[in-house]
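Data block below; observations after.
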Amino acid sequence: MTSPLVTFDGVVKRFGDFTAVQRLDLTIDAGEFVAIMGPSGCGKTTTLRMLAGLDQPSEGTIHIDGQLMNNVGPHKRDTPLVWQSLALFPFLNARENVEFGLKMRNQGAKERRDKAMDWLERLGVAEFSERNVETLSGGQRQRVALARSLVTEPRLLLLDEPLSALDAHLVIRMQSVLTRLQRELGITFVYVTHSQSEAFAMADRVVIMSNGEIAQVGLPRDIYREPANQFVAEFVGRNNIIIGNITGNENGNLAIQAPDGLFTVTDYERVKNVNDEATFVIAADLVTVSRTPAESENTVSCTLISEEFIGSVVTLFLETKQGTEFKVQLQERELITLDHTAGGAFYLSWKTADAHLLPG
Amino acid sequence: MIVQRLINWSLRGYVLLLFVFIFSPILFSVVFSFNSARFPTIPLESFTLHWYKTIWNDPDVWTAARNSLIVSACTSVLATFLGFCTAYSDYRYNFRFKSAYLALVLLPPTIPLIIMALAMLAWFSKIGASGQLWSIIIAHSVLTAPFAMAIIRLRLNQMDKDLESAAWNLGASEWRTMREVILPFCKPAIISALFLTAAVSFDEFAIAWFVSGLNKTIPVLILEIVQGNIDPQVNAIGTFVFLVSMTLVIVAQIFFTLRAGKMMS
Chain Y
14 MTSPLVTFDG VVKRFGDFTA VQRLDLTIDA GEFVAIMGPS GCGKTTTLRM
64 LAGLDQPSEG TIHIDGQLMN NVGPHKRDTP LVWQSLALFP FLNARENVEF
114 GLKMRNQGAK ERRDKAMDWL ERLGVAEFSE RNVETLSGGQ RQRVALARSL
164 VTEPRLLLLD EPLSALDAHL VIRMQSVLTR LQRELGITFV YVTHSQSEAF
214 AMADRVVIMS NGEIAQVGLP RDIYREPANQ FVAEFVGRNN IIIGNITGNE
264 NGNLAIQAPD GLFTVTDYER VKNVNDEATF VIAADLVTVS RTPAESENTV
314 SCTLISEEFI GSVVTLFLET KQGTEFKVQL QERELITLDH TAGGAFYLSW
364 KTADAHLLPG
Chain F
147 MIVQRLINWS LRGYVLLLFV FIFSPILFSV VFSFNSARFP TIPLESFTLH
197 WYKTIWNDPD VWTAARNSLI VSACTSVLAT FLGFCTAYSD YRYNFRFKSA
247 YLALVLLPPT IPLIIMALAM LAWFSKIGAS GQLWSIIIAH SVLTAPFAMA
297 IIRLRLNQMD KDLESAAWNL GASEWRTMRE VILPFCKPAI ISALFLTAAV
347 SFDEFAIAWF VSGLNKTIPV LILEIVQGNI DPQVNAIGTF VFLVSMTLVI
397 VAQIFFTLRA GKMMS
């Protein structure tokens, strides 16, 4: 059993009256790829900056590799950060940028040069080594910034929304570069992002933050299919959230009376009782839509409000008589059989097993 | 269409007139410095280097030139150092009364020169430091440091806020970051500030006249010559001063805009 590489223990960070992070407890194992995700202002970047020593916790402790890091200055840590702005030094060329960390460690010129060239080579930008970084493209600059952070062979790499300035097709390419590097080097990545697709595509484990607190920690799939609370359910994916009262409980199969009808949800944890309020979630891609009333225990009828076409997948936005909005995701080619432009009623249904009851 | 063209041409004419207005006196001074006549009258007499030979052989001119060069060189270094420190403290730190601090720092050039010169003289004689070359240097540094600060501050404001943190993050201490990141980034502005403050100090008369005592600088010497009689030597010295100042200002401008242009592209 190895001890965790990073431990946050009751960490609080205040800036004047504003509390950016409140009581953060989190451990990160060596070799893990962890993504911290949340809306802007949720405290994810502050968390990362505390790891780099750029901000110091107001309360609590941070350990890296078993060592207490509170009050250890940023330059005394080996926690390179890949900045959202990249923060390449404009007065140095690409190779000199990569050499910077080695120079600060007082390594010889020859050694620095060899290592820098090696990393530029590895990231496929060796041909630009003598170019001014301001003349490079976004993707090339990104690779130089990565090389600059990795050249000192750290155990922990911090990334602060590094792909947010790139074009969509480059983001996908850089994602695979990052995951490949992380696997090959076996170092720990802590990756801060607001993008669900980046977090889910790359991370072993995802931390969702909201208002300075952890809303959920888990595997990407678990967070996607089994959100722990309403915030995560709304923030992640396309979920339909239904709130109602429990009117019956048969071996954990709850009957829930909601404004739009009576639904069945399984309470695997057995935490709910009759007359409790219950919230459950049904993901937009698990809803079946048809033009005729469906034979199912969970069904509602709606009218179509709008649709969102993003390629192979289409999201339909529908509304019940009670004014509840439902989202349904389906393949673009399925749309044709629905004759969806004709107006009239749509019938939504889902399997009880696909509905997810929110605990608490 | 025609109106547009008319406006364009009149604007061009206006700019041209402006330059004529500014530069023709200087041009006359240059022309008369090569004229053999004792009085600046037209038509011109013959071409001569006589006035240049006179000042070349005048030890007073040499002493004054030496004084001016020492004063402007020392002033530019001192003022640029002070300017950099204030600009950096403004960039890096937030504190109460910061706007008051900035206003105070930028104040000296707004004080009428004659008032400042008198105040300096009174102050220096009080502490027994008047009439020295370095009293002019101190006084000029006070006057020109705000210019240096303004130039360097402009450059620092272009700097990515993360650059300094990025250097710390890569293992550089605060001092090392200053040497490896902040100073290299500000280099064009620092060079520009060095030249500009040198130019201002080289030309400055009022403070130098009050504070200098027996250590005359070139502008003080010019006044003394003119006070005595009409002497075309002044035109020769003037031409020399003009060339030095213009060179300094142009070099300052080149360093400043070269970098700014690069940032744009």
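Going down the list, the protein sequences come from chains Y and F. Using our numbering, the letters of the first sequence map in sequence onto residues 14 to 373. Using our numbering, the letters of the second sequence map in sequence onto residues 147 to 411. The beta-carbon is built from N, C-alpha and C at its ideal position, and this holds for glycine as well.
- For tryptophan 96/Y, the residues of chain F that pass the 7 Å Cβ criterion are Asp308, Ala312, in the order they occur in the chain.
- In this structure, the CA atom of valine 138/Y is about 7 Å from the CA atom of glutamine 153/Y.
- Within chain F, the residues whose beta carbon sits less than 7 Å from that of histidine 88/Y are Trp314, Gly317, Ala318, Ser319, listed in sequence order.
- A distance of 8 Å or more separates the beta carbons of leucine 61/Y and aspartate 217/Y.
- A check of alpha carbon separations from leucine 149/Y across Pro167/Y, Asn106/Y, Thr92/Y identifies Asn106/Y as the nearest.
- Taking a C-beta cut-off of 7 Å against chain F, the contacting residues of the region 50-82 of chain Y are Ala65, Leu67, listed in chain order.
- The region 195-281 of chain Y contains, as complete beta strand (DSSP E) runs of 3+ residues, the segments 201-206, 218-223, 226-231, 252-263, 266-271, 274-279 (chain order).
- Excluding the 5 residues flanking it on each side, proline 167/Y has same chain C-beta neighbours closer than 7 Å at Asp91, Thr92, Pro93, Ile200, in chain order.
- Close CB contacts of threonine 385/F within its chain, under the 6 Å cut and outside five residues either way in sequence, are with Val176, Ser179 (chain order).
- About 31 Å separates the beta carbon of glycine 229/F from that of glycine 114/Y, a gap too long to meet the 8 Å contact definition.
- Relative to glutamine 229/Y, the option among Phe28/Y, Met50/Y, Glu211/Y, Ala43/Y whose CA is nearest is Met50/Y.
- Using a Cβ-Cβ cut-off of 8 Å, glycine 29/Y is close to nothing in chain F; its nearest Cβ partner there is about 12 Å away.
- Note that the C-beta distance between valine 380/F and valine 372/F is below 8 Å.
- Around the beta carbon of arginine 283/Y, a 10 Å sphere encloses fewer than 16 other beta carbons of the protein chains shown; the residue is thus reported as exposed.
- Along the region 105-137 of chain Y, the positions whose C-beta sits under 7 Å from a C-beta of chain F are Phe113, Gly114, Met117, Arg118, read in chain order.
- Under the three-pair Cβ rule at 8 Å, the region 290-303 of chain F counts as touching the region 338-351 of chain F.
- In the same chain as tyrosine 281/Y, and ignoring 5 residues on each side of it, no C-beta atom comes closer than 6 Å to its own.
- Using beta-carbon distances, phenylalanine 202/Y does not count as an interface residue toward chain F, since no partner is under 8 Å.
- Here DSSP, grouped into helix, strand and coil, assigns threonine 20/Y to strand.
- Within the DSSP bridge table, the entry for histidine 76/Y names Thr20/Y, Leu81/Y as partners.
- Rounded to the nearest whole angstrom, the C-alpha separation of glutamate 320/Y and serine 314/Y is 17 Å.
- When the alpha-carbon of phenylalanine 174/F is set against those of Leu360/F, Val207/F, Cys231/F, Pro186/F, the nearest one is in Pro186/F.
- Shown here for alanine 297/Y: same chain residues with a beta carbon closer than 6 Å to its own, the five before and five after excluded, namely Arg251, Lys340, Val341, Gln342 in chain order.
- Here the region 261-268 of chain F does not lie against the region 317-334 of chain F, with fewer than 3 beta-carbon pairs under 8 Å apart.
- By the Cβ criterion, the region 211-227 of chain Y is in contact with the region 185-197 of chain Y, since at least three pairs of Cβ atoms, one from each stretch, lie closer than 8 Å.
- The C-beta of proline 93/Y comes closer than 8 Å to at least one C-beta of chain F.
- Minimum Cα-Cα distance from valine 390/F among the listed residues Phe169/F, Trp155/F, Ala312/F, Ser214/F corresponds to Ser214/F.
- Not one beta carbon of chain F lies nearer than 8 Å to the beta carbon of phenylalanine 141/Y.
- DSSP places leucine 259/F in no beta strand (DSSP E) but in the uninterrupted alpha helix (DSSP H) bounded by 259-272.
- The residue among Asn84/Y, Pro87/Y, Leu176/Y, Glu143/Y with its C-alpha nearest the C-alpha of glutamate 112/Y is Glu143/Y.
- Contact of phenylalanine 102/Y with chain F by beta-carbon distance below 9 Å involves Leu309, Ala312, Ala313, Glu326, Val327, Pro330, Phe331.
- Of all residues in the region 232-246 of chain F, none places a beta-carbon less than 7 Å from a beta-carbon of chain Y.
- One thing to note: isoleucine 295/Y has its Cβ no nearer than 8 Å to the Cβ of valine 249/Y.
- In this structure threonine 277/Y does not touch alanine 291/Y by the C-beta definition: roughly 11 Å separates them, more than the 8 Å allowed.
- Measuring C-alpha to C-alpha distances from threonine 365/Y to each of Thr40/Y, Ser223/Y, Thr279/Y, Gly324/Y identifies Thr279/Y as the nearest.
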